[in-house]
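Right, one structure below, let's go through it.
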Amino acid sequence: GAVVSQHPSRVICKSGTSVKIECRSLDFQATTMFWYRQFPKQSLMLMATSNEGSKATYEQGVEKDKFLINHASLTLSTLTVTSAHPEDSSFYICSARDNLVYGYTFGSGTRLTVV
Amino acid sequence: AQSVAQPEDQVNVAEGNPLTVKCTYSVSGNPYLFWYVQYPNRGLQFLLKYITGDNLVKGSYGFEAEFNKSQTSFHLKKPSALVSDSALYFCAVRDGLTGGGNKLTFGTGTQLKVEL
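Top line first, the protein sequences correspond to chains A and B. Heads up, the first sequence is in the numbering used here, so the first residue is 1 and it goes up one at a time. Heads up, the second sequence is in the numbering used here, so the first residue is 116 and it goes up one at a time.
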């Protein structure tokens, strides 16, 4: 089946630094990937949709200069949290449209803690 | 706009009893409906989906869901709950309308607790 690998699974960084999270489709080509943020005991909030070879589409209220998304190949999308602050601490999950009919496969998530 | 409602924050059930996790939706076109399960600090695992065809959809781990167009519902069910089913369950919808985009909209999640 379709597999999406996301790493790191956990990262702790200092306030003001940048962190990169990778999302890879291992056995299929993902022209479209999605980045979500999840707060404790809450639902997934879509941050942006990334399309291979083009600029990401950000949801309303998401700062595109703070959350940089790059989808340079059909198997890799990255999310960089720039100048991270404690309020950016959250669980980030990526997802990709897989080769099943209207299927979506999710990564295992990244727990970001900014100290 | 598309939306999903999961009216119950938590569902408690005894092991061996049937369980139901409720979901209702709203879309402009035909709905594509999904159920996912999430264990602590993990991503979402796919359980089942409805795109077209039979209203009763069977999925992973003995779960099933019934699409009810008139009630705009897609409730998740399992005949006999296991303690290991305890997790957070999300219902999601995508608008099947052409040009509606690929985005999934998620409900707020329902915490299922199965007790001995």
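Ideal Cβ placement from N, Cα and C applies to all residues, glycine included. Given the structure is predicted, the values throughout are model-derived calculations rather than measurements.
Closer than 7 Å to chain A by CB, residue i
| i | result |
| --- | --- |
| B:Gly144 | no |
| B:Leu224 | The question names Leu, but residue 224 of chain B in the sequence shown is Gly. Closer than 7 Å to some Cβ of chain A, the Cβ of B:Gly224 qualifies, so yes. |
| B:Phe178 | no |
| B:Phe221 | yes |
Residue(s) in a DSSP beta bridge with residue i
| i | result |
| --- | --- |
| B:Ser188 | B:Thr139, B:Asn183 |
| B:Arg157 | DSSP output for B:Arg157 lists no bridge partner at all. |
| B:Asp210 | B:Pro146 |
| A:Met33 | A:Ser50, A:Ala96 |
| B:Ala202 | B:Leu227 |
Cα-Cα separation between residue i and residue j, rounded to whole angstroms
| i | j | result |
| --- | --- | --- |
| B:Val229 | A:Asp65 | 43 Å |
| B:Lys218 | A:Phe34 | 8 Å |
| B:Tyr147 | B:Val208 | 6 Å |
| A:Glu87 | A:Val11 | 15 Å |
CB contact flag (residue i, residue j, <7 Å)
| i | j | result |
| --- | --- | --- |
| B:Phe205 | B:Gly224 | yes |
| B:Gln121 | B:Thr220 | no |
| B:Thr232 | B:Lys184 | Not covered by the structure: residue 232 of chain B. The range shown for chain B is 116 to 231. |
| B:Ser201 | B:Leu227 | yes |
| B:Glu123 | B:Val198 | no |
| A:Thr80 | A:Leu68 | yes |
| A:Leu44 | A:Gln38 | yes |
| A:Ser25 | A:Ala84 | no |
Residue-chain proximity (residue i, chain B), Cβ-Cβ < 7 Å
| i | result |
| --- | --- |
| A:Arg24 | no |
| A:Ser89 | no |
| A:Thr32 | yes |
Residue i beta carbon near the ligand ADP (any heavy atom closer than 6 Å)
| i | result |
| --- | --- |
| B:Cys206 | Here there are no bound small molecules, and the ligand ADP is not part of this structure. |
Quiz item: Just by C-beta distance, which residues in the stretch 154–167 of chain B are closer than 9 Å to chain A?
Solution: Asn156, Arg157, Gly158, Leu159, Gln160, Phe161, Lys164, Ile166
Practice problem: Can you give me, in chain order, the residues of the stretch 186–218 of chain B that have a beta carbon less than 9 Å from any beta carbon in chain A? | Solution: Leu203, Phe205, Ala207, Arg209, Gly211, Gly216, Asn217, Lys218
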